[in-house]
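The structure under discussion appears below in the form of structure tokens.
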Amino acid sequence: MNLDRMMKSLDRFSFSARGEGSDVEEQEVDDINNNVAPNNEEKYSSSDQELMKTLLDELDSSKKKQISSERMIEELEKKIEGKEDEAKKMDEKLAELQKSYDNLSQTLDFANKMVEDQRIQLSSGTVKLQHQRDLVSKKELERQKSLKHFENELCTREGYVCNMEKYIDDLEKKLDIYEQSNKEKEIEDKKKSQIVNMQSTELREKSFQAAKLEQKIAGLEHDLQLVNIEHAEQEVQVRKKIATITLVLDALKNKYDLDLEHKEAIVALEKDLAEITYTNTKEGIKKKTRDFVGHWRSKSFHYAKSRSRCMGCFVIGKHCTSRKFALGVGLFAIFLGAVFLLGKQLTTHNGKLQ
Numbered sequence: 021m022n023l024d025r026m027m028k029s030l031d032r033f034s035f036s037a038r039g040e041g042s043d044v045e046e047q048e049v050d051d052i053n054n055n056v057a058p059n060n061e062e063k064y065s066s067s068d069q070e071l072m073k074t075l076l077d078e079l080d081s082s083k084k085k086q087i088s089s090e091r092m093i094e095e096l097e098k099k100i101e102g103k104e105d106e107a108k109k110m111d112e113k114l115a116e117l118q119k120s121y122d123n124l125s126q127t128l129d130f131a132n133k134m135v136e137d138q139r140i141q142l143s144s145g146t147v148k149l150q151h152q153r154d155l156v157s158k159k160e161l162e163r164q165k166s167l168k169h170f171e172n173e174l175c176t177r178e179g180y181v182c183n184m185e186k187y188i189d190d191l192e193k194k195l196d197i198y199e200q201s202n203k204e205k206e207i208e209d210k211k212k213s214q215i216v217n218m219q220s221t222e223l224r225e226k227s228f229q230a231a232k233l234e235q236k237i238a239g240l241e242h243d244l245q246l247v248n249i250e251h252a253e254q255e256v257q258v259r260k261k262i263a264t265i266t267l268v269l270d271a272l273k274n275k276y277d278l279d280l281e282h283k284e285a286i287v288a289l290e291k292d293l294a295e296i297t298y299t300n301t302k303e304g305i306k307k308k309t310r311d312f313v314g315h316w317r318s319k320s321f322h323y324a325k326s327r328s329r330c331m332g333c334f335v336i337g338k339h340c341t342s343r344k345f346a347l348g349v350g351l352f353a354i355f356l357g358a359v360f361l362l363g364k365q366l367t368t369h370n371g372k373l374q
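When you line the sequence shown up against the working numbering, it's residues 21 to 374, in that order.
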């Protein structure tokens, strides 16, 4: 009976070691073991006792194993909790991966559609390409035919080319000769152009000077016209005055009974007036007028101071009784002085023109 009870306790212990028992059962096992030990010493033999010792040793070792297994179970539970957390994280990652997979599937569907469209286009393109290849092959055949025809014509034209090359060589030689002559002509033309440029510059300077001279000549011609007009007017006035003087002399001759000496003096005066009137040179007019007027004016003023001798008496060196004649000759001399002043103005204008 005791053995049966020990076996049952061992079964319970093994059941509790597997994790399926409770703490109450463990306490019962301990009580059984405590009760069994003294009884066994009394009732059983030594072999049974040894067996019991071994069983107890195994029971102690199984307890230790149970404790270690419990610790291991706790560690496993902790690891399982960590694994559960990792599993949750993995679930979240799997959800994200599922979303990305869905997106990729959508993009792949769109890409597949595009690929399908491109395949359709590629098939149509291949058809077109085949058509173009056929056209190219036809054109290639035509090109080969034209190339053969061209080669035949090329062979015929090579002879013409050889002849043309010879002709071109001759022309190049002639061209070299012509270029040398042209260079010489260019050098001569440059020299001529330099000469022409120098002459043109000189001509421009001369033309500029000529333009200035023309302007001066135009101004001088204008001044000359004015002077000629003044000279003509003055000459008319002088002639009028000379005519009046001759009339006065004629009146003096006819009015007074003059001596032969007085008449000779009047004739000399008329000759002087004629010389002044008909001299052509300006210097002659100036000299004659100056001499004549100075001669007769000095005598008339000398007579005006003395009032006792006439002009004829001064000329001849004798006294004259005709006092009226002397006064007339004096007035005539004053008149000639005015004529001299007009002649002097004419000479000043002529000097400006010269």
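Where a beta carbon is used, it is the ideal one built from N, C-alpha and C, also for glycine.
Check: Alpha carbon to alpha carbon, how far is Y121 from K98?
Finding: 33 Å
Checklist line | Entirely enclosed alpha helix (DSSP H) segments - the stretch 63–119, minimum 4 residues | finding: none
Check: Which value, in whole angstroms, describes the spacing of the CA atoms of K84 and R91?
Finding: 11 Å
Next item on the list: Please go through the same chain and pick out, in chain order, the residues whose beta-carbon is closer than 8 Å to the beta-carbon of Q164, but skip the five residues on each side of it.
Entry: none
Next item on the list: Let me know if Q86 comes out buried or exposed under the rule of 16 or more other beta-carbons within 10 Å of its beta-carbon.
Entry: buried
Check: Can you tell me the Cα-Cα spacing of Y198 and L223, whole angstroms?
Finding: 35 Å
Item checked: Same chain only: Cβ atoms within 7 Å of L149, ignoring 5 sequence neighbours per side -> none
Item checked: Exposure of M72, with buried meaning 16 or more beta-carbon neighbours within 10 Å -> buried
Checklist line | Counted within 10 angstroms of its Cβ, other Cβ atoms place L79 as buried (16 or more) or exposed | finding: buried
Check: In whole angstroms, what separates the C-alpha of M134 from that of G145?
Finding: 16 Å
Note to self: Using C-beta distances below 6 Å, list every residue in its chain close to K260, excluding the 5 sequence neighbours before and after it, in chain order.
What the structure shows: none
Item checked: E61 in three-state terms, based on DSSP -> With a pLDDT of 46 at E61, under the threshold of 50, the modelled position of this residue cannot be trusted, and the question is left open.
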